[in-house]
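Participant: My questions will all concern the structure given below.
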Amino acid sequence: MKIRLANWKVKTLNTRIDKINPAPQYQRTSVWSLSKKKLLIDSMLRGYDLPKFYLRATPNDPLYEYEITDGQQRIRAIWEFMSDDSKYSLERTIINGTSTHNLEYKELGALKEDFDNYELNIAIIEETTPEEIRSLFARLQMGAQLNQVELRHAMASNIGSAIFSVVEAHKFFKGCRIINTRFKHQDYLDHVITIAYNNGLSDVKAKNIEKLYKDLADSTSNIFSPYIQKTNQILDLMDKLNSISKGIFKNKWTFVDTFWLLYSCHDDIDRIDEKKFVEQFKIFEQRRVGNNRNPDMLISDPTKPTYDRDLYDYILSFKFSGNFQKNIALRHAIFRKKFIGNGIYLKK
Numbered sequence: 272m273k274i275r276l277a278n279w280k281v282k283t284l285n286t287r288i289d290k291i292n293p294a295p296q297y298q299r300t301s302v303w304s305l306s307k308k309k310l311l312i313d314s315m316l317r318g319y320d321l322p323k324f325y326l327r328a329t330p331n332d333p334l335y336e337y338e339i340t341d342g343q344q345r346i347r348a349i350w351e352f353m354s355d356d357s358k359y360s361l362e363r364t365i366i367n368g369t370s371t372h373n374l375e376y377k378e379l380g381a382l383k384e385d386f387d388n389y390e391l392n393i394a395i396i397e398e399t400t401p402e403e404i405r406s407l408f409a410r411l412q413m414g415a416q417l418n419q420v421e422l423r424h425a426m427a428s429n430i431g432s433a434i435f436s437v438v439e440a441h442k443f444f445k446g447c448r449i450i451n452t453r454f455k456h457q458d459y460l461d462h463v464i465t466i467a468y469n470n471g472l473s474d475v476k477a478k479n480i481e482k483l484y485k486d487l488a489d490s491t492s493n494i495f496s497p498y499i500q501k502t503n504q505i506l507d508l509m510d511k512l513n514s515i516s517k518g519i520f521k522n523k524w525t526f527v528d529t530f531w532l533l534y535s536c537h538d539d540i541d542r543i544d545e546k547k548f549v550e551q552f553k554i555f556e557q558r559r560v561g562n563n564r565n566p567d568m569l570i571s572d573p574t575k576p577t578y579d580r581d582l583y584d585y586i587l588s589f590k591f592s593g594n595f596q597k598n599i600a601l602r603h604a605i606f607r608k609k610f611i612g613n614g615i616y617l618k619k
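Here my numbering runs 271 ahead of the position in the sequence shown, where the first position is 1.
Structure, rendered in structure tokens:
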């Protein structure tokens with residue numbers, strides 16, 4: 272790895288917007304709040320120093336000359352502020368005698384030249400491997416508040432790359448209504464593939480998912496391709512179910528439990544009556560949500576028609592330590608009984 276230092280003016284960074292990939296695979300998505308973006312611009316207008324930006328040179332990329340290794344949130348904030356349809360204006364303050372209240376970039380007046388010529392410290396990384404870049408990114412983020420899936424996203428792992436490719440390509444994630452903040456789509460798939468990889472016999476805590484990434488980091492596609500192939504097939508069916516009732520899999524454990532049920536019944540998924548499945552699933556979810564705060568009512572009187580020990584057990588294993596193997600297994604058994612067990616939701 273070679274690192275070449277350079278100073279770019281803000282206006283130089285902005286002219287290269289189409290040549291810099293802001294979100295390579297190991298990077299997290301845009302997560303900065305509006306107030307944080309405004310504070311960055313205010314700091315620049317005041318001439319405060321910013322931490323170094325890291326850009327990786329990508330000479331073999333037909334679209335981009337660079338990709339951002341570190342500083343994505345700051346670069347996005349600068350680009351958004353300078354765009355023709357500026358995404359935000361500044362707070363009420365005085366800088367060098369000028370009020371910035373509600374000013375957009377094009378309205379900066381006397382401050383605009385200073386902002387355009389503000390110098391950024393750029394470290395350009397050359398002659399490096401993807402593994403070195405991921406390692407550098409992880410080390411640069413050691414002081415940042417990255418969550419577990421973001422740390423996994425930065426790992427060099429073949430299974431991680433395969434999972435991310437499914438997230439990017441599969442139509443389920445385009446219409447599932449699961450908000451993909453901080454790689455939530457990838458996190459959901461991480462969970463279910465870890466369960467499948469361990470045949471439901473392990474917890475799905477962060478350390479278990481990380482072990483999956485490490486176990487299959489250097490594996491050839493022949494080893495994990497069956498998991499990815501099945502995953503795509505299950506998501507195909509879940510997309511059909513979601514099209515019948517939009518957003519029914521928004522909840523994390525609802526997604527995980529449904530996926531694991533369908534994965535374990537993979538050989539029969541072509542026979543599932545999709546409309547009946549959704550109909551019963553919605554009834555189950557409505558009762559779960561309705562009894563979530565006080566599940567004890569479900570078992571208070573065995574003589575009442577509302578008595579439902581399975582739903583009671585499901586809610587408790589859903590609410591508390593949902594990633595423990597014993598609770599995943601319990602919810603799985605209840606799902607099999609409710610939706611598959613006696614075959615009434617299978618086409619003849």
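Note that beta-carbon positions come from the ideal geometry of N, C-alpha and C, so glycine has one too.
By a C-beta neighbour count over all protein chains shown, 10 Å radius and 16 as the cutoff for buried, is Phe610 buried or exposed?
Facilitator: Mapped onto the sequence shown, residue 610 falls at position 339. Phe610 comes out buried.
Participant: Near Lys290, which residues of its chain fall below 7 Å by C-beta distance, leaving aside the five closest residues on each side in sequence?
Facilitator: Residue mapping note: residue 290 aligns to position 19 of the sequence shown, counting from 1. Excluding sequence neighbours, Lys290 sits near Tyr335, Glu336 and Tyr337.
Participant: Do you know offhand how far Asn479's Cα is from His462's?
Facilitator: Counting from 1 along the sequence shown, the entry for residue 479 is found at position 208. Counting from 1 along the sequence shown, the entry for residue 462 is found at position 191. Taking the straight line from one Cα to the other gives about 9 Å.
Participant: Sorted by chain position, which residues of the same chain lie with C-beta nearer than 7 Å to Arg448's C-beta, five sequence neighbours on each side aside?
Facilitator: The count along the sequence shown starts at 1 and reaches residue 448 at position 177. Only Lys517, Gly518 and Lys521 meet the Cβ criterion.
Participant: Using a Cβ distance threshold of 8 Å, determine whether the region 321-336 contacts the region 352-366, with at least three qualifying pairs required.
Facilitator: The answer is no - the region 352-366 does not touch the region 321-336, with fewer than three Cβ pairs under 8 Å.
Participant: Helix, strand or coil, according to DSSP, for Thr283 in the structure here?
Facilitator: Here residue 283 is taken as the residue at index 12 of the sequence shown, counted from 1. It is helical.
Participant: Please report the distance separating the alpha-carbon of Gly644 from that of Ile393.
Facilitator: Within the shown structure, residues of the chain are numbered from 272 to 619, placing residue 644 beyond reach of any answer.
Participant: Measuring straight from C-alpha to C-alpha, what distance separates Met509 and Leu487?
Facilitator: Position 238 of the sequence shown, counting from 1, holds the residue named residue 509. Position 216 of the sequence shown, counting from 1, holds the residue named residue 487. Cα to Cα, Met509 sits roughly 26 Å from Leu487.
Participant: Taking DSSP as the reference, what is the three-state secondary structure of Thr452?
Facilitator: Stepping through the sequence shown from its first residue, residue 452 is reached at position 181. Note: Thr452 maps to helix in three-state DSSP.
Participant: Can you tell me whether Phe591 is buried or exposed? The criterion is at least 16 other CB atoms within 10 Å of its CB, across all chains shown.
Facilitator: Numbered from its first residue, the sequence shown carries residue 591 at position 320. Looking at its Cβ environment, which holds fewer than 16 other Cβ atoms inside 10 Å, Phe591 is exposed.
Participant: Report the partner residues of Ala440 according to the DSSP bridge assignment.
Facilitator: Counted from its first residue, the sequence shown places residue 440 at position 169. Paired residues: none, contrary to the question.
Participant: Let's test the definition: count the other Cβ atoms within 10 Å of the Cβ of Lys307 and tell me whether it reaches 16, buried, or not, exposed.
Facilitator: Position 36 of the sequence shown, counting from 1, holds the residue named residue 307. Flag for Lys307 reads exposed.
Participant: In chain order, what residues of the same chain have a beta carbon less than 7 Å from the beta carbon of Ile288, not counting five sequence neighbours either side?
Facilitator: Sequence index remark: in the sequence shown, residue 288 carries index 17 (1-based). Answer for Ile288: Trp350, listed in chain order.
Participant: By DSSP, does Glu375 sit in helix, in strand, or in coil?
Facilitator: Taking the sequence shown and counting its residues from 1, one reaches residue 375 at position 104. In this structure, Glu375 counts as coil in the three-state DSSP scheme.
Participant: Is the distance from the Cβ of Tyr359 to the Cβ of Leu305 below 7 Å?
Facilitator: To locate residue 359, count along the sequence shown from 1; it is residue 88. To locate residue 305, count along the sequence shown from 1; it is residue 34. Against a cut-off of 7 Å, the Cβ pair of Leu305 and Tyr359 comes out as a contact.
Participant: Suppose contacts are defined by Cβ-Cβ distances below 7 Å. Is Lys485 in contact with Glu397 by that definition?
Facilitator: Within the sequence shown, residue 485 is the residue found at index 214, counting from 1. Within the sequence shown, residue 397 is the residue found at index 126, counting from 1. Cβ distance not < 7 Å, so Lys485 and Glu397 don't count as in contact.
Participant: Rounded to the nearest angstrom, what separates Phe443 and Trp279 at their Cα positions?
Facilitator: Working through the sequence shown from its first residue, we reach residue 443 at position 172. Working through the sequence shown from its first residue, we reach residue 279 at position 8. Straight-line Cα distance between these residues: approximately 41 Å.
Participant: Classify Ile519 as helix, strand or coil using the three-state DSSP reduction.
Facilitator: Mapped onto the sequence shown, residue 519 falls at position 248. Correct three-state label for Ile519: coil.
Participant: What does the Cβ neighbour count give for Gly431, buried or exposed, with the cut at 16 atoms within 10 Å?
Facilitator: Here residue 431 refers to the residue found at position 160 of the sequence shown. It counts as buried.
Participant: Leaving out five residues on either side along the sequence, give the residues of the same chain with a beta carbon under 7 Å from the beta carbon of Ile570.
Facilitator: On the sequence shown, residue 570 is found 299 positions in, with the first residue counted as 1. If we look at Ile570 and ignore the five residues flanking it on each side, its Cβ neighbours are Tyr578, Arg580 and Tyr583.
Participant: Within the continuous alpha helix (DSSP H) that includes Phe655, where are the two ends?
Facilitator: For the chain, the structure presents residues 272 to 619; residue 655 sits outside this window and is missing.
Participant: How about Arg345 and Ile404: are their beta carbons less than 7 Å apart?
Facilitator: Counted from its first residue, the sequence shown places residue 345 at position 74. Counted from its first residue, the sequence shown places residue 404 at position 133. No.
Participant: When the Cα atoms are used, what is the spatial distance from Ser436 to Val302?
Facilitator: Locating residue 436 in the sequence shown gives position 165, where the first residue counts as 1. Locating residue 302 in the sequence shown gives position 31, where the first residue counts as 1. Each residue's Cα considered, the two are about 21 Å apart.
Participant: Taking the C-alpha atoms as reference points, what is the distance between Lys309 and Leu422?
Facilitator: Translated into positions along the sequence shown, residue 309 becomes position 38. Translated into positions along the sequence shown, residue 422 becomes position 151. Spanning the two alpha carbons is a distance of roughly 27 Å.
Participant: Going along the chain, which residues of its own chain have a beta-carbon closer than 7 Å to the beta-carbon of Gln457, five neighbours each way excluded?
Facilitator: As a position in the sequence shown, residue 457 is number 186, starting the count at 1. Val420, His424, Ile434, Phe435 and Val438.
Participant: Could you check if Ser588 is buried or exposed, using at least 16 other CB atoms within 10 Å of its CB as the buried criterion?
Facilitator: On the sequence shown, residue 588 is found 317 positions in, with the first residue counted as 1. By the neighbour-count rule (16 or more Cβ atoms within 10 Å), Ser588 is buried.
Participant: Are Val560 and Ile515 close, meaning C-beta to C-beta below 7 Å?
Facilitator: Counted from its first residue, the sequence shown places residue 560 at position 289. Counted from its first residue, the sequence shown places residue 515 at position 244. Cβ distance not < 7 Å, so Val560 and Ile515 don't count as in contact.
Participant: Starting from the C-beta of Pro293, find all residues in its chain whose C-beta is less than 7 Å away, skip the five residues before and the five after it, and write them out in chain order.
Facilitator: Indexing the sequence shown from 1 puts residue 293 at position 22. Closer than 7 Å at Cβ, skipping near neighbours: Ile339, Gln343, Ile346 and Arg347.
Participant: Express the C-alpha separation of Lys482 and Tyr585 in angstroms, rounding to a whole number.
Facilitator: The residue you call residue 585 lines up with position 314 of the sequence shown. The residue you call residue 482 lines up with position 211 of the sequence shown. Their Cα atoms are separated by approximately 27 Å.
Participant: Considering just the uninterrupted stretch of the beta strand (DSSP E) at Asn392, what are its terminal residues?
Facilitator: Locating residue 392 in the sequence shown gives position 121, where the first residue counts as 1. First-last of the beta strand (DSSP E) with Asn392: Glu390 to Glu397.
Participant: Tell me which same chain residues have a C-beta within less than 8 Å of the C-beta of Leu276, skipping the five on either side of it?
Facilitator: By one-based count along the sequence shown, residue 276 stands at place 5. Closer than 8 Å at Cβ, skipping near neighbours: Asn392, Ile393, Ala394 and Ile395.
Participant: Residues bridged to Asp341 by DSSP?
Facilitator: Reading the sequence shown from its first residue, position 70 is the one you call residue 341. In DSSP, Asp341 forms a bridge with Tyr325.
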